[in-house]
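Each residue of the sequence shown is one higher than the one before, counting from -9 in this note's numbering.
Right, one structure below, let's go through it.
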Amino acid sequence: MFENKQKNYVLTMLLIVVLLSISQNTEGNANVPLAPVSEEGFLPNPFMCVRDARKVPDCVDAVKKFQLKIITKECCLILLSASEDCFGMLFPTRFVIKIVLKITCELIGIHH
């Protein structure tokens, strides 16, 4: 009796694995890099990124702390023109911050 239940369980799990495998629409991982790759080259240049971001005083800190009232047009232009790699180095939660930054910049008249 126990063997039947165990066989049924194993067969059910195998069936689920096969069905999930079939339902996946994958093309392999031939084009997926093994490590983060910069848009400009093999690795991002953190010094250039930080240098550009620091051109406007308190810009990065204001965005990190969501102090939206003190974000300037210059801050918007520099941060919105930064590459994805650079933006990711400056802001750990880049997706949320980028959305908030885009909305804030549009409200002050910067359309990017």
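Each residue gets a CB set at the ideal place from its N, CA and C atoms; glycine is no exception.
Please read these numbers as outputs of a predicted model, since none were measured by experiment.
query = So residue 42 and residue 68 are in contact, right, with Cβ under 8 Å, and what is the actual spacing, rounded?
reply = 6 Å
query = What do you get for residue 37, buried or exposed, if any count of 16 or more other CB atoms within 10 angstroms of its CB means buried?
reply = exposed
ask   = Comparing alpha-carbon positions, which option in 62, 86, 83, 7 lies nearest residue 99?
value = 62
Whole-angstrom distance between residue 101 and residue 91, CA atom to CA atom = 11 Å
task = Tell me whether residue 80 is buried or exposed, calling it buried when 16 or more other Cβ atoms sit within 10 Å of its Cβ.
result = buried
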